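Trainee:
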Amino acid sequence: MNQPTPRLIQRLLRVLLVLGPFLLGSLVVGLLWGSSPTDWRLCLRALVGLHTADDVLPAILWQIRFPRVMLAALVGATLSLGGLVFQALLHNPLAEPYILGISGGAAVGAIIGILLSLAPFPGVAALAFLGSMGVMLVVIFLTPRETGDNKNALLLSGVMVNALCTALILFFVTMTQDARLHNILYWLMGDLSVALPGQIFFLGFLLLPCFILIFLLARPLNLLYLGEEQAGYLGLNVAGVTYVLLGVTSFMLSAAVCQSGLVGFVGLVVPHLLRLWLGPEHRILVPACILGGGAYLVWCDLLARVLPSQGELPVGVVTAILGAPLFIVLLQRSRL
Amino acid sequence: MNPAVRLQNVQAGYGQYAILRDLSLEVPVGSFFIIIGPNSAGKTTLAKTLAGQLHPQQGTVEILGRPLAGYSRKALARRVAVVPQYTPIDVPFTVLEVVLMGRSPHLTLAGLETRRDVEIAADAMAATQVSHLAHRRLNQLSGGEIQRVIIARAICQQPQIIILDEPTASLDLAHQVHIMDLLEQLKETRGFTVIMISHDLNLAAMYADTLLLLHQGQVAAQGEPAQVLTYDRLEQAYGCVLLVGENPLMHKPQVTLVPGRLLAQTRKYLKDTSRD
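Here it is as structure tokens:
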């Protein structure tokens, strides 16, 4: 009699069965397809460990493409999930992962790292992480507790601190004249090309517990949709759940953004797209955002690699070019 | 037997500002208790204090014989359900999903609803006549339908006490009567203690076992409708002249508003009738 209701589990399995293979397929395509003109069949042979005439190919696949594709998947998953959580917590469809100043803080930290000529990992990434977490704490600390609408106060504090960070970024950019300016601009537009295998495992190790914790708090996210007062009447410790979610989400976003740079629009487009398809149930949306967001950024990164005839685009440029019109279409289809 | 609710010398409000002052009252288990009073009398503040949303600045609040402070949020939600004055209308969940949220206090944080929970939700939807709307989204319903869904969610919590803040405001006459009949039925069949805030004195008179007239954060009168709804008390509390007659069918007080232009006429009428 007291068995879990099968409807939700069936829906969850259906979503996992669609999006899981989609992400897996995207990862394989991302590995096989690249700027170096190699036959995909040769890549596939190298991928499964069969001998190929080209000795460099396994190195390209496992040392360069694999970490890059995995970083894209992890960052895409994190940004989508971050957008979903902030949209529910702040009850604002325009809330995106960088809303609490995470982008500004990370950028200031990363630029300082680049100006100090630190290595992308761990030097620049560590400073970017410290910057974003520091700014997020400042935003939460600055938000007045006694205002009637704490959500809007939090949002406005985030916008203001981000504006201050933007001024600092512009200052640094203006003052930098040498080759480091190129690195700064690439970081600001999102860059996945610097991924290392060790970095991916470290990032995965940090992100996995965050994903699990947010999934466990997906039902409270549903309750928060009704407003804080009603969620409280339904027995939810609103303040506790809100601060845990804010902390965990900001931590995972900082961990991802500090390694990828600022990749925009993923956290806006993917949650809205999935909500339009799957409805508002967060126990479905959380895993869907992880899988769907991961796949989305893998494809965006693939386009960033193969679109230009020479070199490549920063992935943030592709997500913005795709994301802005896609979001307008979503706006027309759903009543945000 | 412990009362459903007991307040002793409660002072409550927002920040440093006290709205309820030295308020003491008891609500017996299984009663239909309606709180009336003018705007700013402290009705919603009282409801929020009883629901644990607002902590009293002074005094004690007991729910079912235990201090309110001794309940966890979840334990309180298993005993007290609240139908607030406003429900966000942009909720995209289906009616069934919203009603099932009423099972939250009975589940662990990450727990899944069981078949039994779905049965309880179906029963609650049947009681409020919203079963046919189960798969419609809340943002596609009318105000009256949303109100019935939120009451279904409160029933789904399986509480002992249900607190409603103006549940019939903005409903048409038929829906007002339907909601009040439903609450009376819940009291009689399920033993709920119903605590309701209302601005409609006639509805309150017809359904309440006990009426509480709040004025400036204090009890102006408490008792059966006929004891509370008197001309003098109402004029003092509301600051306007009201005619108090009798409902011919139920023999309960019936209150009629008097327009300002008929004030002198009404006073003369009241004087003449009292002399007779």
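Line by line, the protein sequences are chains A and B. Residue numbers for the first sequence follow my numbering, so the first one is -17 and each next one is one higher. Residue numbers for the second sequence follow my numbering, so the first one is 44 and each next one is one higher. Every residue gets a Cβ at the ideal spot worked out from N, C-alpha and C, and that includes glycine. Model, not experiment: these values are computed from the prediction.
(1) For the region 140 to 162 of chain B, list every residue whose C-beta sits within 8 angstroms of some C-beta in chain A, in sequence order.
(2) For Met(-17)/A, is the classification buried or exposed, using 16 other Cβ atoms within 10 angstroms of its Cβ as the cut-off for buried?
(3) Could you tell me the distance, in whole angstroms, from the CA atom of Pro104/A to the CA atom of Gly113/B?
(4) Please identify, using Cβ separations under 9 angstroms, the residues of the region 75 to 96 of chain B that lie next to chain A, in order along the chain.
(5) Am I right that Ala47/B and Leu107/B are in contact with their C-beta atoms under 8 angstroms? What's the rounded C-beta distance?
(6) Can you give me the Cβ contacts of Tyr207/A inside the same chain, cut-off strictly under 7 angstroms, excluding the 5 residues immediately before and after it?
(7) Please check if any C-beta of chain B sits within less than 9 angstroms of the C-beta of Pro253/A.
(8) Could you compute how far the alpha carbon of Gly214/A sits from the alpha carbon of Arg276/B?
(9) Is the CB-CB distance between Ile204/B and Leu68/B below 9 angstroms?
(10) Relative to the C-alpha of Tyr80/A, which residue among Pro191/A, Leu9/A, Cys240/A, Val10/A is closest?
(11) Name the chain B residues whose beta carbon is nearer than 8 angstroms to that of Asn204/A?
(12) List, in order along the chain, the chain A residues whose C-beta lies closer than 9 angstroms to that of Pro131/B?
(13) Could you give the distance in angstroms between the alpha-carbon of Cys283/B and the alpha-carbon of Gly140/A?
(14) Under three-state DSSP, which class holds Gln201/B?
(15) With DSSP as the reference, please indicate the residues paired to Ala124/B in a beta bridge.
(16) What number of angstroms, rounded off, separates the C-alpha of His73/A from the C-alpha of Pro253/A?
(17) At the level of alpha carbons, what is the spacing between Ser8/A and Gly305/A?
(18) Looking only at its own chain, which residues have a Cβ that is under 7 angstroms from the Cβ of Lys133/A, when we skip the five neighbours before and after it?
(19) Alpha carbon to alpha carbon, how far is Gly113/A from Thr103/B? Give it in angstroms, no decimals.
(20) For Arg116/B, go through chain A and note every residue whose CB falls closer than 8 angstroms to its CB, in chain order.
(21) Closer than 9 angstroms, CB to CB, is Arg179/B near chain A or not?
(22) Please give me, in chain order, every unbroken run of the alpha helix (DSSP H) with length at least 4 that falls completely inside the region 158 to 183 of chain B.
(23) What are the start and end residues of each continuous alpha helix (DSSP H) run of 4 or more residues lying completely inside the region 110 to 175 of chain A, in chain order?
(24) Would you mind stating whether Ser242/A and Val57/A have Cβ atoms separated by less than 9 angstroms?
(25) Is Phe123/A buried or exposed, if buried means 16 or more other CB atoms sit within 10 Å of its CB?
(26) In the structure shown, what three-state DSSP assignment does Phe309/A receive?
(27) Quick one: what's got a C-beta closer than 6 angstroms to Gln101/B's C-beta in the same chain, skipping five residues either side?
(28) Quick one: which unbroken alpha helix (DSSP H) runs of 4-plus residues sit fully inside the region 274 to 305 of chain B? Chain order, please.
(29) Exposed or buried, Met293/B, counting other C-beta atoms within 10 Å across all chains shown (16 or more means buried)?
(30) Please decide whether Phe197/A counts as near chain B, where near means a Cβ-Cβ distance under 9 angstroms.
(31) Sort Leu152/B, Ala84/B, Pro131/B by Cα distance to Leu256/B and report the nearest one.
(32) Can you find a CB in chain B that lies within less than 9 angstroms of the CB of Arg201/A?
(33) Among all the DSSP beta bridges, which residues are the ones paired with Ala61/B?
(34) Mark Asn204/A as exposed unless 16 or more other C-beta atoms lie within 10 angstroms of its C-beta, in which case mark it buried.
(35) Out of curiosity, what's the CA-to-CA distance linking Gly275/A and Leu5/A?
Mentor: Walking through what the data contain:
(1) Answer in chain order: Glu140, Val141, Met144, Gly145, Ser147, Pro148, Leu150, Leu152, Ala153, Gly154, Leu155, Glu156, Thr157, Arg158, Arg159, Asp160, Val161.
(2) Any reading at Met(-17)/A must be qualified, since the residue scores a pLDDT of 45, below 50, and its modelled position is unreliable; the value itself is stated next. Residue environment analysis places Met(-17)/A among the exposed positions, since fewer than 16 neighbouring C-beta atoms fall within 10 angstroms of its C-beta.
(3) The alpha-carbon atoms of Pro104/A and Gly113/B are separated by roughly 49 angstroms.
(4) With the criterion set as a beta carbon lying under 9 angstroms from some beta carbon of chain A, the members of the region 75 to 96 of chain B are Lys91, Ala94, Gly95, Gln96, in sequence order.
(5) Right, their Cβ atoms sit about 6 angstroms apart.
(6) Once the five neighbours on either side are set aside, the close Cβ partners of Tyr207/A are Ala70, Pro262.
(7) No, Pro253/A does not count as interfacial toward chain B.
(8) Taking the straight line from one Cα to the other gives about 36 angstroms.
(9) Against a cut-off of 9 angstroms, the Cβ pair of Leu68/B and Ile204/B comes out as no contact.
(10) Nearest of Pro191/A, Leu9/A, Cys240/A, Val10/A to Tyr80/A, Cα basis: Cys240/A.
(11) Here the neighbours are Phe136, Glu140, Met144.
(12) Residues of chain A passing the Cβ test: His73, Tyr207, Leu208, Gly209, Gln212.
(13) If you draw a straight line from the Cα of Cys283/B to the Cα of Gly140/A, it is about 49 angstroms long.
(14) Looking at Gln201/B - three-state DSSP - the assignment turns out to be coil, as it is neither helix nor strand.
(15) Answer is Ile205/B, bridged to Ala124/B.
(16) Taking the straight line joining both Cα atoms gives about 14 angstroms.
(17) The C-alpha of Gly305/A is placed about 18 angstroms away from the C-alpha of Ser8/A.
(18) Here the set comprises Leu72, His73.
(19) Cα to Cα, the separation comes out at about 47 angstroms.
(20) The contacting residues are Gly214, Gly217, Leu218, Asn219.
(21) For Arg179/B, the nearest beta carbon of chain A is not closer than 9 angstroms to its own beta carbon.
(22) Within the region 158 to 183 of chain B, the runs of alpha helix (DSSP H) that reach at least 4 residues and sit entirely inside it are, in chain order, 158 to 170.
(23) Whole alpha helix (DSSP H) segments, 4+ residues: 132 to 157, 162 to 170.
(24) Cβ distance < 9 angstroms, so Ser242/A and Val57/A count as in contact.
(25) Exposed, since its Cβ has fewer than 16 Cβ neighbours within 10 Å.
(26) Correct three-state label for Phe309/A: helix.
(27) Result list for Gln101/B: Gln54, in chain order.
(28) Fully enclosed alpha helix (DSSP H) runs of 4 or longer: 274 to 281.
(29) Met293/B should be labelled exposed.
(30) Answer yes: the Cβ-Cβ gap between Phe197/A and chain B drops below 9 angstroms somewhere.
(31) Closest by alpha carbon: Ala84/B.
(32) By this cut-off, Arg201/A is an interface position.
(33) Looking at the DSSP output, Ala61/B shares a beta bridge with Gly56/B.
(34) Counting the other CB atoms within 10 Å of its CB gives Asn204/A a total of 16 or more, which places it among the buried residues.
(35) Distance between the alpha carbons of Gly275/A and Leu5/A: 9 angstroms.
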